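Here is the structure we will look at.
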Amino acid sequence: MALNNGVEMIEWMRTNLVTVKPTRNLSLKATRHLRKSEKKYLFSEDISLMRTAEGRWYEGLIYEMLLEVVKECDLIKGIIRKGADAPYVRQKITQNQNGMFYSNYGDIKVRGNGQDLAEVDLMFVDRQNTVGFGEIVTSPSDLKEFEAEIIFKKRLIGYLFGQPIVPFVLISSVDISRNSVVQRLMKEPDSVLIITASCEQIKRALNPREIRYRPRKPIAHPKLLHLEDVHTKRPFDYRALHDERKQRMLDLMGNGVPSDALTDPDEVPPIVKKVVFGALYPPSIRLLCSRTEITIKGESLTYESIMKDFSKVIVAVNLPELKPILYFRSRKKKEYFKMVPSKSGGFKYESRRTPHMAGFFLWLESTKPSLGAQMTRTLLKYFIAGNGTTENKTKQKSRRSPRRGRNKTSSPKTSPEMPSGGQ
(Lines of atoms letter the chains of each structure in order from A; the text may use other names.)
(Lines give C-alpha, C1' and ligand atoms only; values in the text may rest on other atoms or scores of the structure.)
Protein backbone atom coordinates (compact mmCIF):
# COMPACT_ATOMS: atom_id res chain seq x y z
CA MET A 20 0.00 0.00 0.00
CA ALA A 21 1.36 3.43 -0.92
CA LEU A 22 2.09 5.79 1.93
CA ASN A 23 -0.39 8.64 2.28
CA ASN A 24 1.43 10.60 5.07
CA GLY A 25 -1.74 10.75 7.15
CA VAL A 26 -3.84 12.57 4.54
CA GLU A 27 -6.32 9.69 4.37
CA MET A 28 -6.67 9.79 8.17
CA ILE A 29 -7.29 13.53 8.25
CA GLU A 30 -9.91 13.28 5.50
CA TRP A 31 -11.64 10.49 7.41
CA MET A 32 -11.75 12.71 10.51
CA ARG A 33 -13.08 15.63 8.47
CA THR A 34 -16.00 13.47 7.38
CA ASN A 35 -16.68 11.43 10.50
CA LEU A 36 -15.91 13.58 13.54
CA VAL A 37 -18.89 15.80 12.79
CA THR A 38 -21.20 12.75 12.93
CA VAL A 39 -20.61 12.26 16.67
CA LYS A 40 -22.71 14.59 18.80
CA PRO A 41 -21.84 15.64 22.36
CA THR A 42 -24.61 13.62 23.97
CA ARG A 43 -25.53 13.73 27.65
CA ASN A 44 -23.92 10.31 28.15
CA LEU A 45 -20.59 11.45 26.63
CA SER A 46 -20.76 14.76 28.52
CA LEU A 47 -21.22 12.87 31.77
CA LYS A 48 -18.44 10.42 30.92
CA ALA A 49 -16.06 13.33 30.27
CA THR A 50 -16.32 14.41 33.92
CA ARG A 51 -14.24 11.38 34.94
CA HIS A 52 -11.18 13.30 33.74
CA LEU A 53 -11.79 16.13 36.23
CA ARG A 54 -10.33 16.51 39.68
CA LYS A 55 -12.64 16.86 42.65
CA SER A 56 -12.21 20.64 42.77
CA GLU A 57 -12.77 20.96 39.00
CA LYS A 58 -16.09 19.13 39.27
CA LYS A 59 -17.13 21.70 41.84
CA TYR A 60 -15.85 24.65 39.79
CA LEU A 61 -17.60 23.44 36.61
CA PHE A 62 -20.74 25.16 37.91
CA SER A 63 -19.06 27.89 39.98
CA GLU A 64 -20.26 31.50 39.90
CA ASP A 65 -16.60 32.53 39.81
CA ILE A 66 -16.17 32.95 36.05
CA SER A 67 -12.41 32.45 36.08
CA LEU A 68 -12.59 29.15 37.99
CA MET A 69 -15.59 28.00 35.96
CA ARG A 70 -13.91 28.68 32.59
CA THR A 71 -10.77 26.77 33.61
CA ALA A 72 -12.77 23.74 34.74
CA GLU A 73 -15.01 24.00 31.69
CA GLY A 74 -12.01 23.95 29.37
CA ARG A 75 -10.68 20.80 31.04
CA TRP A 76 -14.12 19.16 30.86
CA TYR A 77 -14.59 20.06 27.18
CA GLU A 78 -11.16 18.63 26.41
CA GLY A 79 -12.26 15.37 28.05
CA LEU A 80 -15.52 15.45 26.09
CA ILE A 81 -13.74 15.70 22.74
CA TYR A 82 -11.47 12.83 23.77
CA GLU A 83 -14.54 10.71 24.59
CA MET A 84 -16.17 11.66 21.27
CA LEU A 85 -13.01 10.66 19.39
CA LEU A 86 -12.93 7.28 21.15
CA GLU A 87 -16.57 6.79 20.16
CA VAL A 88 -16.05 7.54 16.48
CA VAL A 89 -12.87 5.45 15.97
CA LYS A 90 -14.25 2.34 17.68
CA GLU A 91 -15.06 0.56 14.42
CA CYS A 92 -12.57 2.35 12.17
CA ASP A 93 -9.77 0.23 10.64
CA LEU A 94 -7.96 3.32 9.35
CA ILE A 95 -7.16 4.61 12.87
CA LYS A 96 -4.77 2.35 14.75
CA GLY A 97 -5.36 4.08 18.07
CA ILE A 98 -5.74 7.11 20.33
CA ILE A 99 -3.04 7.87 22.91
CA ARG A 100 -4.31 7.55 26.47
CA LYS A 101 -4.66 10.76 28.44
CA GLY A 102 -6.43 12.18 31.47
CA ALA A 103 -8.03 9.47 33.60
CA ASP A 104 -6.85 6.79 31.12
CA ALA A 105 -3.17 7.73 31.41
CA PRO A 106 -1.03 5.73 33.83
CA TYR A 107 -0.45 7.44 37.16
CA VAL A 108 3.09 8.79 37.30
CA ARG A 109 4.98 10.59 40.02
CA GLN A 110 8.22 11.01 38.15
CA LYS A 111 10.94 13.38 39.22
CA ILE A 112 11.94 15.64 36.36
CA THR A 113 15.61 15.49 35.40
CA GLN A 114 17.68 17.14 32.70
CA ASN A 115 18.20 13.91 30.78
CA GLN A 116 14.51 13.52 29.92
CA ASN A 117 13.94 13.77 26.16
CA GLY A 118 10.86 12.61 24.25
CA MET A 119 7.20 11.92 25.08
CA PHE A 120 6.04 11.91 28.72
CA TYR A 121 2.90 12.08 30.81
CA SER A 122 2.45 14.83 33.36
CA ASN A 123 1.22 13.96 36.85
CA TYR A 124 -2.25 14.96 35.64
CA GLY A 125 -2.21 12.76 32.54
CA ASP A 126 -1.41 15.44 29.95
CA ILE A 127 0.76 14.50 26.95
CA LYS A 128 4.05 16.40 26.97
CA VAL A 129 7.15 16.59 24.79
CA ARG A 130 10.22 17.22 26.93
CA GLY A 131 13.71 18.28 25.95
CA ASN A 132 16.53 18.33 28.49
CA GLY A 133 13.85 18.01 31.18
CA GLN A 134 11.80 21.07 30.20
CA ASP A 135 8.33 20.92 28.65
CA LEU A 136 8.67 21.95 25.01
CA ALA A 137 5.06 21.32 24.02
CA GLU A 138 1.78 19.82 25.17
CA VAL A 139 -0.82 18.32 22.85
CA ASP A 140 -4.50 17.89 23.71
CA LEU A 141 -4.93 14.79 21.54
CA MET A 142 -2.59 12.35 19.81
CA PHE A 143 -3.59 9.62 17.37
CA VAL A 144 -1.95 7.10 15.05
CA ASP A 145 -3.15 5.60 11.77
CA ARG A 146 -2.58 2.04 10.52
CA GLN A 147 0.64 3.13 8.80
CA ASN A 148 1.96 4.53 12.10
CA THR A 149 1.60 8.15 11.03
CA VAL A 150 1.26 10.29 14.15
CA GLY A 151 -1.14 13.24 14.27
CA PHE A 152 -2.27 15.59 17.01
CA GLY A 153 -5.23 17.73 17.98
CA GLU A 154 -5.76 21.02 19.77
CA ILE A 155 -8.96 22.00 21.56
CA VAL A 156 -10.04 25.62 22.14
CA THR A 157 -13.01 27.18 23.92
CA SER A 158 -12.31 30.87 23.31
CA PRO A 159 -11.39 32.95 20.26
CA SER A 160 -9.29 35.24 22.48
CA ASP A 161 -6.60 32.58 22.96
CA LEU A 162 -5.42 32.61 19.34
CA LYS A 163 -2.86 35.45 19.39
CA GLU A 164 0.21 33.18 19.41
CA PHE A 165 -1.66 30.06 18.32
CA GLU A 166 -0.29 29.93 14.77
CA ALA A 167 3.36 29.93 15.84
CA GLU A 168 2.55 27.32 18.49
CA ILE A 169 0.97 24.93 15.97
CA ILE A 170 3.78 25.40 13.45
CA PHE A 171 6.31 24.56 16.16
CA LYS A 172 4.39 21.46 17.28
CA LYS A 173 4.21 20.22 13.69
CA ARG A 174 7.95 20.66 13.30
CA LEU A 175 8.65 18.97 16.62
CA ILE A 176 6.40 15.95 16.02
CA GLY A 177 7.60 15.72 12.43
CA TYR A 178 11.21 15.63 13.64
CA LEU A 179 10.55 13.02 16.35
CA PHE A 180 8.62 10.64 14.10
CA GLY A 181 10.37 11.36 10.80
CA GLN A 182 7.24 12.70 9.10
CA PRO A 183 7.25 15.38 6.38
CA ILE A 184 3.51 15.84 7.05
CA VAL A 185 1.87 15.91 10.50
CA PRO A 186 -1.94 15.60 10.52
CA PHE A 187 -3.60 18.24 12.69
CA VAL A 188 -7.18 18.55 13.98
CA LEU A 189 -8.47 21.76 15.56
CA ILE A 190 -11.70 21.41 17.54
CA SER A 191 -13.54 24.42 18.95
CA SER A 192 -16.69 25.11 20.94
CA VAL A 193 -16.96 28.56 19.29
CA ASP A 194 -17.04 29.43 15.60
CA ILE A 195 -13.47 30.49 14.76
CA SER A 196 -13.69 29.67 11.05
CA ARG A 197 -13.42 33.36 10.08
CA ASN A 198 -10.36 34.00 12.23
CA SER A 199 -7.37 34.86 10.01
CA VAL A 200 -4.98 32.68 12.03
CA VAL A 201 -7.29 29.67 11.72
CA GLN A 202 -7.86 30.29 8.01
CA ARG A 203 -4.09 30.25 7.37
CA LEU A 204 -3.69 27.00 9.31
CA MET A 205 -6.57 25.38 7.48
CA LYS A 206 -5.03 26.10 4.08
CA GLU A 207 -2.72 23.16 4.73
CA PRO A 208 -4.15 19.87 3.37
CA ASP A 209 -3.11 18.05 6.57
CA SER A 210 -5.33 20.23 8.78
CA VAL A 211 -9.05 20.12 9.60
CA LEU A 212 -11.35 22.32 11.71
CA ILE A 213 -14.30 20.86 13.63
CA ILE A 214 -16.78 23.17 15.41
CA THR A 215 -19.18 21.81 18.02
CA ALA A 216 -22.00 23.32 20.05
CA SER A 217 -20.93 25.78 22.74
CA CYS A 218 -19.81 24.61 26.19
CA GLU A 219 -22.79 26.41 27.76
CA GLN A 220 -25.23 24.59 25.50
CA ILE A 221 -23.68 21.14 26.06
CA LYS A 222 -23.34 21.64 29.81
CA ARG A 223 -27.07 22.22 30.23
CA ALA A 224 -27.53 18.44 30.15
CA LEU A 225 -25.56 18.08 33.41
CA ASN A 226 -26.15 19.04 37.01
CA PRO A 227 -23.61 19.41 39.83
CA ARG A 228 -24.95 16.60 42.02
CA GLU A 229 -24.67 13.81 39.49
CA ILE A 230 -21.02 14.47 38.62
CA ARG A 231 -19.73 15.05 42.16
CA TYR A 232 -18.88 11.44 43.01
CA ARG A 233 -18.02 10.04 39.60
CA PRO A 234 -14.65 8.28 39.98
CA ARG A 235 -11.55 9.23 38.04
CA LYS A 236 -10.57 5.84 36.66
CA PRO A 237 -9.39 4.39 33.33
CA ILE A 238 -11.61 2.48 30.93
CA ALA A 239 -10.99 -0.46 28.62
CA HIS A 240 -11.13 0.44 24.94
CA PRO A 241 -9.78 -1.46 21.91
CA LYS A 242 -8.29 1.68 20.36
CA LEU A 243 -6.44 3.08 23.38
CA LEU A 244 -2.63 3.15 23.14
CA HIS A 245 0.03 3.99 25.71
CA LEU A 246 2.71 6.54 24.92
CA GLU A 247 5.36 3.81 25.00
CA ASP A 248 3.46 2.06 22.18
CA VAL A 249 4.42 4.91 19.85
CA HIS A 250 8.12 4.90 19.03
CA THR A 251 10.07 7.91 17.80
CA LYS A 252 12.01 7.39 14.59
CA ARG A 253 15.26 9.11 15.53
CA PRO A 254 17.39 9.87 18.61
CA PHE A 255 16.34 13.03 20.42
CA ASP A 256 18.95 14.89 22.48
CA TYR A 257 17.55 18.38 22.91
CA ARG A 258 20.56 19.72 24.81
CA ALA A 259 22.86 18.63 21.97
CA LEU A 260 20.58 20.34 19.42
CA HIS A 261 20.49 23.48 21.60
CA ASP A 262 24.27 23.59 21.93
CA GLU A 263 24.68 23.07 18.19
CA ARG A 264 22.28 25.96 17.49
CA LYS A 265 24.06 28.16 20.04
CA GLN A 266 27.48 27.46 18.55
CA ARG A 267 26.16 28.12 15.05
CA MET A 268 24.86 31.51 16.17
CA LEU A 269 28.11 32.36 17.96
CA ASP A 270 30.11 31.48 14.83
CA LEU A 271 27.85 33.63 12.65
CA MET A 272 28.08 36.57 15.05
CA GLY A 273 31.84 36.14 15.15
CA ASN A 274 31.85 36.51 11.36
CA GLY A 275 29.80 39.71 11.61
CA VAL A 276 26.74 38.56 9.66
CA PRO A 277 23.53 40.68 9.77
CA SER A 278 21.08 39.83 12.56
CA ASP A 279 18.45 38.39 10.22
CA ALA A 280 21.01 35.88 8.92
CA LEU A 281 21.13 34.23 12.36
CA THR A 282 17.81 32.50 11.69
CA ASP A 283 18.45 31.49 8.08
CA PRO A 284 17.58 27.83 7.38
CA ASP A 285 20.42 25.36 7.86
CA GLU A 286 20.97 21.69 8.65
CA VAL A 287 20.19 22.13 12.37
CA PRO A 288 16.52 21.14 13.00
CA PRO A 289 14.47 24.30 13.73
CA ILE A 290 13.02 23.01 17.02
CA VAL A 291 15.14 24.99 19.50
CA LYS A 292 12.90 27.79 20.82
CA LYS A 293 15.34 29.44 23.19
CA VAL A 294 19.13 29.68 23.22
CA VAL A 295 20.72 30.07 26.66
CA PHE A 296 24.07 31.73 25.95
CA GLY A 297 25.31 31.54 29.55
CA ALA A 298 25.79 33.57 32.70
CA LEU A 299 27.75 36.81 32.88
CA TYR A 300 30.96 37.35 34.83
CA PRO A 301 30.79 40.40 37.18
CA PRO A 302 32.66 42.73 34.74
CA SER A 303 30.16 41.71 32.06
CA ILE A 304 27.27 42.55 34.40
CA ARG A 305 28.81 46.01 34.86
CA LEU A 306 29.08 46.34 31.07
CA LEU A 307 25.43 45.33 30.69
CA CYS A 308 24.35 47.99 33.20
CA SER A 309 26.33 50.65 31.34
CA ARG A 310 24.65 49.82 28.03
CA THR A 311 21.00 49.31 28.94
CA GLU A 312 18.49 50.13 31.66
CA ILE A 313 16.95 47.34 33.74
CA THR A 314 13.94 48.14 35.93
CA ILE A 315 11.74 46.46 38.52
CA LYS A 316 8.45 48.23 39.15
CA GLY A 317 9.88 51.34 37.49
CA GLU A 318 12.99 51.41 39.71
CA SER A 319 16.32 51.14 37.84
CA LEU A 320 18.78 48.49 38.94
CA THR A 321 22.43 49.43 39.31
CA TYR A 322 25.47 47.20 39.15
CA GLU A 323 25.77 47.46 42.93
CA SER A 324 22.12 46.55 43.57
CA ILE A 325 22.34 43.61 41.17
CA MET A 326 25.45 42.23 42.87
CA LYS A 327 23.79 42.67 46.27
CA ASP A 328 20.41 41.06 45.47
CA PHE A 329 21.25 38.56 42.74
CA SER A 330 23.85 35.80 42.44
CA LYS A 331 23.69 35.25 38.69
CA VAL A 332 22.58 36.96 35.46
CA ILE A 333 21.85 34.72 32.47
CA VAL A 334 21.45 35.88 28.87
CA ALA A 335 19.09 34.01 26.54
CA VAL A 336 17.37 34.68 23.22
CA ASN A 337 13.96 33.43 22.04
CA LEU A 338 13.83 32.03 18.51
CA PRO A 339 12.97 32.77 15.79
CA GLU A 340 12.12 36.36 16.80
CA LEU A 341 15.57 36.92 18.38
CA LYS A 342 13.99 38.41 21.49
CA PRO A 343 16.55 38.81 24.32
CA ILE A 344 15.67 37.59 27.81
CA LEU A 345 17.60 38.13 31.05
CA TYR A 346 17.26 35.83 34.07
CA PHE A 347 18.37 37.14 37.48
CA ARG A 348 18.96 34.53 40.23
CA SER A 349 17.75 35.85 43.59
CA ARG A 350 20.06 35.51 46.58
CA LYS A 351 17.11 35.48 48.99
CA LYS A 352 14.84 32.89 47.40
CA LYS A 353 15.19 29.93 45.09
CA GLU A 354 13.85 31.74 42.04
CA TYR A 355 14.81 33.68 38.92
CA PHE A 356 13.44 37.04 37.83
CA LYS A 357 12.65 37.08 34.12
CA MET A 358 13.44 40.43 32.48
CA VAL A 359 12.05 41.19 29.03
CA PRO A 360 12.46 44.11 26.61
CA SER A 361 10.37 47.13 27.54
CA LYS A 362 8.42 49.08 24.92
CA SER A 363 10.07 52.26 26.16
CA GLY A 364 13.53 50.71 25.94
CA GLY A 365 15.72 48.68 28.23
CA PHE A 366 14.47 45.70 30.21
CA LYS A 367 11.68 45.33 32.73
CA TYR A 368 10.62 42.64 35.17
CA GLU A 369 7.96 40.28 33.80
CA SER A 370 7.64 37.22 36.04
CA ARG A 371 9.39 34.68 38.21
CA ARG A 372 10.81 31.27 37.33
CA THR A 373 10.62 28.91 40.32
CA PRO A 374 11.36 25.22 41.01
CA HIS A 375 7.74 24.57 39.99
CA MET A 376 8.99 24.91 36.38
CA ALA A 377 11.31 22.03 37.15
CA GLY A 378 13.00 21.30 33.82
CA PHE A 379 13.86 24.84 32.80
CA PHE A 380 14.69 25.83 36.39
CA LEU A 381 17.24 23.00 36.55
CA TRP A 382 18.72 24.22 33.28
CA LEU A 383 19.11 27.74 34.66
CA GLU A 384 20.59 26.39 37.90
CA SER A 385 23.20 24.41 35.96
CA THR A 386 24.25 27.45 33.89
CA LYS A 387 27.59 28.78 35.11
CA PRO A 388 29.35 32.12 34.36
CA SER A 389 31.00 31.82 30.96
CA LEU A 390 30.43 35.15 29.21
CA GLY A 391 33.35 37.55 29.36
CA ALA A 392 33.47 41.17 28.24
CA GLN A 393 34.21 40.44 24.58
CA MET A 394 31.36 37.96 24.14
CA THR A 395 29.02 40.23 26.11
CA ARG A 396 29.80 43.11 23.72
CA THR A 397 28.86 40.86 20.81
CA LEU A 398 25.56 39.86 22.43
CA LEU A 399 24.84 43.49 23.28
CA LYS A 400 25.49 44.47 19.68
CA TYR A 401 23.18 41.84 18.19
CA PHE A 402 20.34 41.63 20.70
CA ILE A 403 20.39 44.53 23.11
CA ALA A 404 21.86 47.56 21.34
CA GLY A 405 19.00 49.82 20.27
CA ASN A 406 16.73 48.23 22.87
CA GLY A 407 17.16 51.28 25.03
CA THR A 408 20.71 52.13 26.11
CA THR A 409 21.36 54.34 29.08
CA GLU A 410 22.97 56.83 26.74
CA ASN A 411 19.80 57.07 24.65
CA LYS A 412 17.71 57.36 27.81
CA THR A 413 19.81 60.30 28.99
CA LYS A 414 19.40 62.07 25.64
CA GLN A 415 15.63 61.50 25.70
CA LYS A 416 15.33 62.90 29.21
CA SER A 417 17.43 65.98 28.34
CA ARG A 418 15.06 66.82 25.50
CA ARG A 419 12.00 66.83 27.76
CA SER A 420 10.80 70.22 29.03
CA PRO A 421 10.54 70.36 32.82
CA ARG A 422 7.02 70.65 34.18
CA ARG A 423 6.44 73.71 36.31
CA GLY A 424 4.70 73.40 39.64
CA ARG A 425 4.99 69.60 39.69
CA ASN A 426 5.10 68.08 43.16
CA LYS A 427 8.17 65.89 43.55
CA THR A 428 7.67 62.96 45.85
CA SER A 429 10.29 60.30 46.25
CA SER A 430 9.13 56.73 45.79
CA PRO A 431 10.45 54.03 48.09
CA LYS A 432 13.28 51.91 46.79
CA THR A 433 11.99 48.77 45.13
CA SER A 434 13.17 45.50 46.57
CA PRO A 435 13.52 42.42 44.38
CA GLU A 436 10.93 40.83 46.66
CA MET A 437 8.23 43.33 45.65
CA PRO A 438 7.15 42.11 42.22
CA SER A 439 4.60 39.38 41.97
CA GLY A 440 4.07 37.76 38.63
CA GLY A 441 2.87 34.63 36.91
CA GLN A 442 5.13 31.84 35.88
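20 is the number of the first residue of the sequence shown in my numbering; add one for each residue after it.
Don't be surprised by glycine CBs; every beta carbon is placed ideally from N, CA and C.
Predicted, not measured: the structure shown is a model, and the values here were computed from it.
Query raised in the report: By Cβ distance below 8 Å, which residues in the same chain neighbour Leu-390 in space, the five residues on each side in sequence not counted?
Result: Phe-296, Gly-297, Ala-298, Leu-299, Tyr-300, Ser-303, Val-334, Leu-398
Requested in this report: State the beta-bridge partners of Gly-151 as determined by DSSP.
Outcome: Phe-143
Requested in this report: Drop a sphere of 10 angstroms on the beta-carbon of His-375, count the other beta-carbons inside from all chains shown, and report buried for 16 or more, exposed for fewer.
Outcome: exposed
**Report entry** Integer Cβ distance of Val-112 from Ala-377, believed to fall under 8 Å
**Finding:** Reading off the sequence shown, one finds Ile at residue 112, where the question assumed Val. Ile-112 to Ala-377, Cβ: 4 Å. Contact.
Query raised in the report: Which runs of the alpha helix (DSSP H) spanning at least 4 residues fall entirely within the region 65-99, listed in chain order?
Result: 66-89
Query raised in the report: Just the Cα atoms here: how many angstroms apart are Glu-30 and Phe-152?
Result: 14 Å
Report task. Following the continuous beta strand (DSSP E) through Tyr-368, name the residue where it begins and the one where it ends. Result -> 366-372
Query raised in the report: DSSP state of Phe-255, grouped into three classes?
Result: coil
Query - Status (buried if at least 16 other CB within 10 Å, exposed otherwise) for Glu-57 - result: buried
Report task. Take the Cβ of Val-37 as the centre, count every other Cβ of all protein chains shown within 10 Å, and call the residue buried at 16 or more, exposed below. Result -> exposed
Query raised in the report: On the three-state DSSP scale, how would you describe Lys-400?
Result: helix
Query raised in the report: When the Cα of Lys-353 is compared with those of Val-359, Thr-373, Thr-386, Ile-344, which residue comes out closest?
Result: Thr-373
Query raised in the report: What's the gap between the Cα of Cys-308 and the Cα of Ser-324?
Result: 11 Å
Requested in this report: Excluding the 5 residues preceding and the 5 following Asp-256 in the sequence, name in chain order all residues of the same chain whose CB lies nearer than 7 Å to its CB.
Outcome: Asn-117
Report task. Give the secondary structure of Phe-347 by DSSP, where H, G and I count as helix, E and B as strand, and everything else as coil. Result -> strand
Report task. Would you mind working out which of Arg-264, Glu-166, Gly-365 sits nearest Glu-286, comparing C-alpha positions? Result -> Arg-264
**Report entry** CA-to-CA distance, Lys-163 to Lys-90, given in whole angstroms
**Finding:** 35 Å
**Report entry** For Ile-190, the residue or residues it bridges with in DSSP
**Finding:** Ile-155, Ile-213
Report task. Following the continuous alpha helix (DSSP H) through Glu-55, name the residue where it begins and the one where it ends. Result -> Residue 55 is actually Lys in this sequence, not Glu. Per DSSP, Lys-55 belongs to the alpha helix (DSSP H) from 55-60.
**Report entry** For Ser-319, the residue or residues it bridges with in DSSP
**Finding:** Thr-314
**Report entry** Lys-353 in three-state terms, based on DSSP
**Finding:** coil
Requested in this report: For Gln-134, count neighbouring C-beta atoms within 10 Å of its own C-beta (all shown protein chains included) and say buried if the count is 16 or more, exposed if not.
Outcome: buried
Query raised in the report: In chain order, what residues of the same chain lie with their CB nearer than 6 Å to the CB of Ser-278, ignoring the 5 residues before and after it?
Result: Tyr-401
Query - Alpha carbon of Ile-313 to alpha carbon of Asp-262, nearest angstrom - result: 28 Å
Query raised in the report: If you compare alpha carbons, which of Leu-175, Leu-189, Ile-190 is closest to Pro-183?
Result: Leu-175
Query raised in the report: Where DSSP assigns a beta bridge to Ala-335, which residues make up the other side?
Result: Val-295, Ile-344
Query raised in the report: In terms of residues, what are the limits of the beta strand (DSSP E) holding Lys-128?
Result: 127-131
Requested in this report: In angstroms with no decimal places, state the Cα-to-Cα distance between Glu-83 and Ala-49.
Outcome: 6 Å
Query raised in the report: Considering only the beta carbon of each residue, do Arg-258 and Gln-114 sit closer than 9 Å?
Result: yes
Query raised in the report: Which class does Gln-266 belong to by DSSP, given the choice of helix, strand or coil?
Result: helix
Report task. Given a cut-off of 9 Å, decide if Asp-328 and Lys-292 are closer than it, judged by their beta-carbon atoms. Result -> no
Query raised in the report: Which value, in whole angstroms, describes the spacing of the CA atoms of Thr-251 and Gly-181?
Result: 8 Å
**Report entry** Own chain partners of Lys-128 with C-beta closer than 6 Å, once the 5 adjacent residues on each side are dropped
**Finding:** Phe-120, Ser-122, Asp-135, Glu-138
Query raised in the report: Cβ atoms of Ile-290 and Gly-131: under 9 Å apart, would you say?
Result: yes
Query raised in the report: I think Gly-43 touches Ala-216, with their Cβ atoms under 8 Å apart; what is that distance to the nearest whole Å?
Result: Checking the sequence shown, residue 43 turns out to be Arg, not Gly. At roughly 12 Å, the Cβ-Cβ gap does not stay under 8 Å, so Arg-43 and Ala-216 are not in contact.
**Report entry** For Gln-393, three-class secondary structure by DSSP
**Finding:** helix
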